[in-house]
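Down below is the structure, laid out as structure tokens.
Residue numbers (the UniProt record's numbering): 1 to 339.
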């Protein structure tokens, strides 16, 4: 795991990231996407960051720093930097199934935000957005959309940043003034809600890893919102959002019924056998994109059909009355066996 900057130790402690990292939850196995501009990674980020459409000679800047902030709170996560353009949007569409958290530390007018980010809503991946740095009592787009998470900024002294947008749409605040490195590996502060959003994204990546380990399934937007609001510390004198988002000081308990010991599994070997999925049987005349491929494989796995000795299936062939009876008989026997 890449080394973290000690200058950020206090901020990690403030939100219990240090506790989760020590317990092995650093975002390992998760993919965190940062949509931003000026996003070429520095050479020293090569162990955790990548940009599918930018080479080493591209512009570094805002997005580069955003990615480093996310890394400081989820050092085990894979961080992918994409721009808000056609190439970046297509990359997200192509890889949506593998993305756990998306970070947007940019503001835009409503129409531009809908054009640039509206396609993300259908994936139901948590989209963590900076609330904006205008000092307003309402957040900017895209964090104003109901399907995004809106994050404000809390400064090192525990006070709300006076530039941080608030309002009813704000979900929480997170640390800003995060140290990152320039191309010569000299540390400097990166602040604004542009820093607090990726800090939140990193914390969520740690939680996603915990969910993966304990079979909790994919983290949805509303799952993330509920987790955030249930794990906030109130900020005195500030009425917006749920407070400072922190990972739980103690890792969540896992009910015994959800996590069986290795001894339990050894005593019930059939339980594991039942969960095994058979490999699909390949037929010479049934390609994977054939319209009935999945239906044919389901019938094969249940022993209803088997194809021919030459490896073909003849998907368009006729069905004799005898073949129909053989299939129905197999179904009847399977039902009787289950009873």
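By construction, the Cβ of each residue, glycine as well, lies at the ideal position given by its N, Cα and C atoms.
Here the structure is a predicted model, which means the values were calculated and not measured.
Over what stretch of residues does the alpha helix (DSSP H) that includes residue i continue unbroken?
i	result
residue 340	Summary: the structure shown does not reach residue 340, with the chain confined to residues 1 through 339, and so no result is reported for it.
residue 188	Residue 188 -> not in any alpha helix (DSSP H); beta strand (DSSP E) instead, spanning 187–190.
residue 298	293–301
residue 69	62–73
residue 92	86–95
residue 17	17–22
residue 235	Note, residue 235: premise wrong, no alpha helix (DSSP H); not H, not E.
If residue i sits next to residue j, beta carbons under 8 Å apart, how far is it from one beta carbon to the other, in whole angstroms?
i	j	result
residue 283	residue 317	With 8 Å as the limit, residue 283 and residue 317 do not qualify as a contact, their Cβ atoms being about 12 Å apart.
residue 33	residue 82	6 Å
residue 219	residue 126	6 Å
residue 142	residue 174	Not a contact, Cβ separation roughly 17 Å.
residue 131	residue 193	5 Å
residue 327	residue 304	5 Å
Give the range of the beta strand (DSSP E) segment to which residue i is assigned.
i	result
residue 213	Taken as a continuous stretch (DSSP letters only), residue 213 belongs to no beta strand (DSSP E), being part of the alpha helix (DSSP H) at 193–213.
residue 31	31–35
residue 350	As displayed, the chain neither begins before 1 nor continues past 339, which places residue 350 out of reach and without an answer.
residue 102	101–104
residue 174	172–175
residue 151	149–154
Have a look at residue i and residue j and give me their C-alpha separation to the nearest angstrom.
i	j	result
residue 211	residue 251	11 Å
residue 195	residue 253	30 Å
residue 323	residue 300	14 Å
residue 164	residue 113	19 Å
residue 246	residue 154	12 Å
residue 144	residue 138	8 Å
residue 236	residue 158	10 Å
residue 230	residue 121	23 Å
residue 233	residue 242	7 Å
residue 92	residue 47	21 Å
residue 74	residue 3	11 Å
residue 177	residue 17	16 Å
residue 50	residue 224	25 Å
residue 273	residue 302	Note that residue 273 has pLDDT 42, beneath the 50 cutoff, so the model's placement of it is unreliable and no number is given.
residue 292	residue 62	48 Å
residue 297	residue 290	11 Å
Leaving out the 5 sequence neighbours to the left and right, which residues in its chain are closer than 6 Å to residue i when beta-carbon positions are compared?
i	result
residue 123	96
residue 30	77, 100, 205, 208 and 209
Take every Cβ of the region 37–45, pair it with every Cβ of the region 165–178, and state whether three or more of those distances are shorter than 8 Å.
-> no
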